[in-house]
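The structure under discussion appears below in the form of C-alpha cells.
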C-alpha cells in the first residue's frame with residue numbers, strides 16, 4: 027500500500043525511526059515536531075497512528091532517529107530565533123515611533139524647563155586656554171557706589187518655593203504649549219560648538235540656554251488670567267543689552283535720565299558708559315507709548331576670569347569697605363590658601379559692586395551677577411539700601427542634589443522664579459524714585475575699582491584654587507533644604523496666606539496641610 031505525504035523523504039526517515047524507537051522516544055520526536063509547527067507534523071502523527079511499515083525502516087538505526095530528532099530541534103530553535111528577531115524589530119520600530127512622537131510634540135512647563143537644562147544648559151563648555159580666556163579691555167576705573175554690608179539672602183529659597191507654589195496653582199501644568207525636545211536638542215548642539223571664553227560668548231550661551239526660554243515661558247504665562255492676577259507680568263518681558271532698552275517716551279525713563287545721579291563733582295553721569303550687560307524689561311501694555319520698566323539687570327563675567335571657586339570663597343558676610351576696599355594686610359604666597367581667598371574676595375567684591383552700582387543708579391531691588399555655570403542673585407532692601415543680599419546658585423550641582431525638584435533647581439527654573447519675584451504682585455511697586463535713591467547715595471561710599479585691572483594684577487599661577495578638595499571649594503547644593511513648591515492654602519485670600527518668614531525651610535520641617543488636603 028502506498029501512502030502519499032507532502033515531504034516523502036522526511037516521512038520515510040520518520041517511519042523508519044518509529045520502528046526502532048521506544049514509545050518514549052516516539053513521543054519526544056512527535057512533541058518536537060508539533061512544538062516546531064513543522065508543516066509535516068499532521069502527516070507524521072497520522073503515520074505514527076497507522077504504523078505503516080516501510081521496508082527501509084529495518085535498515086535504520088538509533089543514530090538515524092537521533093539525527094532526525096536533532097534536525098527537528100534545530101528547526102524549532104531557528105524558528106523561535108526568527109520570531110524573537112521579528113519581535114525585537116517590531117519593538118524597536120515602536121520605540122522609534124514613540125521617541126519621535128515624544129521628541130516632536132509640545133512640552134509641558136516642567137518638561138520644557140527640564141529639557142532646557144539637559145539638552146542645552148548642560149552642554150556648556152568653557153575655554154581652558156589661558157591665552158584665549160585672558161583677553162579683555164581695561165577700562166578707566168570709575169567711582170562706583172559700594173555696598174557697606176554683604177549678607178546672605180537667607181529666604182531666597184523660601185521665596186523661590188512660594189513662587190513655584192503660586193505658579194503651580196495658577197498655570198495648567200499639563201498644558202503642552204512649549205517648544206519640543208527635538209528643537210532643544212538641536213539648540214544644544216549649536217550651543218556646545220561655541221566655547222565660553224569671554225563675556226560675548228557667555229552672552230550667546232545665556233541668551234540661548236536661559237534668558238530666551240524664560241522669555242518664552244513668561245509669554246505663555248501672560249495668556250492665563252489666573253497667572254496675571256498673581257504676578258505683574260504685563261505684556262511679558264524682553265532682554266536687552268543696549269542703553270535704549272527703555273522707551274524714550276516713558277515718564278519713568280525721562281525721570282531717570284534727567285535726575286537719577288546726584289550732581290557731584292567727582293561722579294558725573296554718562297549714560298553711554300553706564301551700561302549693564304543685560305536688562306530685563308517689561309511693558310505694562312501693548313500701546314506704543316506704554317512705559318517700559320526695568321525688572322532687573324544682569325552683569326556677565328567670563329568664567330575663565332571670575333571662576334566658580336572665586337565665588338564660593340569670595341561670597342561671605344562682610345563689610346566690603348572695611349574688609350576688602352581698605353584691607354590693611356595682604357597674605358603672602360607662603361600661604362596659598364589665604365592668598366587665593368584674598369584675591370577671590372577682591373575679585374568677587376569688585377564684580378558685585380559693579381552690579382550694585384547699576385541697581386542703585388536705576389533704583390532697582392533686583393539684579394544678578396552670572397558666570398554662566400553659576401549665578402549670584404542679588405537684592406537690595408531699600409529700607410536698608412547699604413546692605414546687599416546675595417544667593418549663590420549652581421544649577422549643575424543642585425539638580426543632582428534635589429532630583430525630586432529637578433526642574434526648580436535648573437538655571438531656567440531659578441531665573442524664572444527670580445524674574446517673577448522681580449515683577450512682583452499686581453500693583454506692587456519695585457521702582458524707587460530720585461528722592462529715595464538720593465537718600466541712599468548720601469550714605470554710601472564709592473570705590474574706584476576696575477574688575478579687569480584687579481584680575482590682571484593677580485599672577486596667573488594664583489588665579490586657581492590651590493586645592494579643590496577643600497570643603498570651602500565644594501559646590502553649593504543646599505542639600506539640607508526642601509526645594510519643592512510650597513503648597514498654598516488655595517481657599518484663603520492672599521492676605522491670609524503665610525508670610526515668607528513663617529514658612530518652613532529645611533527638609534526636617536513639616537508643612538501644615540493645605541485646606542484642600544485637610545478636607
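Numbering (the numbering used here), first residue to last: 27 to 545. Where a beta carbon is used, it is the ideal one built from N, C-alpha and C, also for glycine. These figures come from a predicted structure and were not determined experimentally.
Here's a check: name, in chain order, each residue in its chain whose Cβ is nearer than 6 Å to the Cβ of residue i, leaving out the five neighbours to either side.
i           : result
residue 321 : 306, 308, 448 and 449
residue 176 : 344, 346 and 414
residue 440 : 419
residue 256 : 192 and 196
residue 246 : 203
residue 484 : 369
residue 327 : 377 and 397
residue 482 : none
With a CB to CB cut of under 8 Å and the five nearest residues on each side skipped, what residues in its chain are close to residue i?
i           : result
residue 357 : 364, 365, 367 and 368
residue 261 : 248, 308, 309, 310, 311, 312 and 316
residue 107 : none
residue 133 : 141, 202, 204, 205, 206 and 207
residue 384 : 300, 302, 323, 325, 390 and 393
residue 435 : 421, 424, 425, 427, 428 and 509
Roughly how many whole angstroms lie between the Cα atoms of residue i and residue j?
i           : j           : result
residue 414 : residue 349 : 15 Å
residue 221 : residue 141 : 21 Å
residue 428 : residue 508 : 8 Å
residue 100 : residue 89  : 16 Å
residue 128 : residue 205 : 12 Å
residue 342 : residue 149 : 30 Å
residue 506 : residue 144 : 24 Å
residue 171 : residue 416 : 17 Å
residue 182 : residue 122 : 43 Å
residue 394 : residue 493 : 28 Å
residue 110 : residue 102 : 12 Å
residue 98  : residue 125 : 40 Å
residue 496 : residue 136 : 35 Å
residue 212 : residue 226 : 21 Å
residue 218 : residue 386 : 36 Å
residue 112 : residue 105 : 11 Å
residue 471 : residue 488 : 30 Å
residue 152 : residue 233 : 16 Å
residue 254 : residue 229 : 29 Å
residue 479 : residue 168 : 12 Å
residue 210 : residue 465 : 47 Å
residue 250 : residue 259 : 11 Å
residue 514 : residue 114 : 48 Å
By a C-beta neighbour count over all protein chains shown, 10 Å radius and 16 as the cutoff for buried, is residue i buried or exposed?
i           : result
residue 490 : exposed
residue 237 : buried
residue 374 : buried
residue 371 : buried
residue 542 : Note that residue 542 scores 41 on pLDDT, short of 50, meaning its location in the model is unreliable; the coordinates nonetheless yield the value given after this. Per the 10 Å Cβ criterion, exposed.
residue 565 : Outside the shown range of the chain (27 to 545) lies residue 565, about which nothing can therefore be said.
residue 360 : exposed
residue 10  : Residue 10 is absent from the model: the chain starts at 27 and stops at 545.
residue 486 : exposed
residue 154 : exposed
residue 401 : buried
residue 235 : buried
residue 353 : exposed
residue 403 : buried
I'd like to know whether the C-beta atoms of residue i and residue j end up nearer to each other than 7 Å.
i           : j           : result
residue 420 : residue 405 : no
residue 180 : residue 252 : no
residue 399 : residue 329 : yes
residue 263 : residue 243 : no
residue 512 : residue 139 : no
residue 351 : residue 473 : yes
residue 147 : residue 437 : yes
residue 469 : residue 410 : no
residue 355 : residue 423 : no
residue 325 : residue 381 : yes
residue 442 : residue 240 : yes
residue 332 : residue 378 : no
residue 444 : residue 376 : no
residue 339 : residue 215 : no
residue 458 : residue 408 : yes
Could you pull out every residue in the same chain whose Cβ sits closer than 7 Å to the Cβ of residue i, ignoring the five residues on either side in sequence?
i           : result
residue 131 : 202 and 206
residue 430 : 510
residue 266 : 305 and 307
residue 190 : 434, 443 and 511
Below 6 Å, is the gap between the Cβ of residue i and the nearest heavy atom of the ligand HEM?
i           : result
residue 139 : With respect to the ligand HEM, the structure offers nothing, as it holds no ligand at all.
contact_flag[the segment 179 to 199, the segment 110 to 129] where n(CB pairs < 8 Å) is 3 or more: no
Meets three-Cβ-pair contact criterion under 8 Å: the segment 193 to 205 and the segment 450 to 463: no
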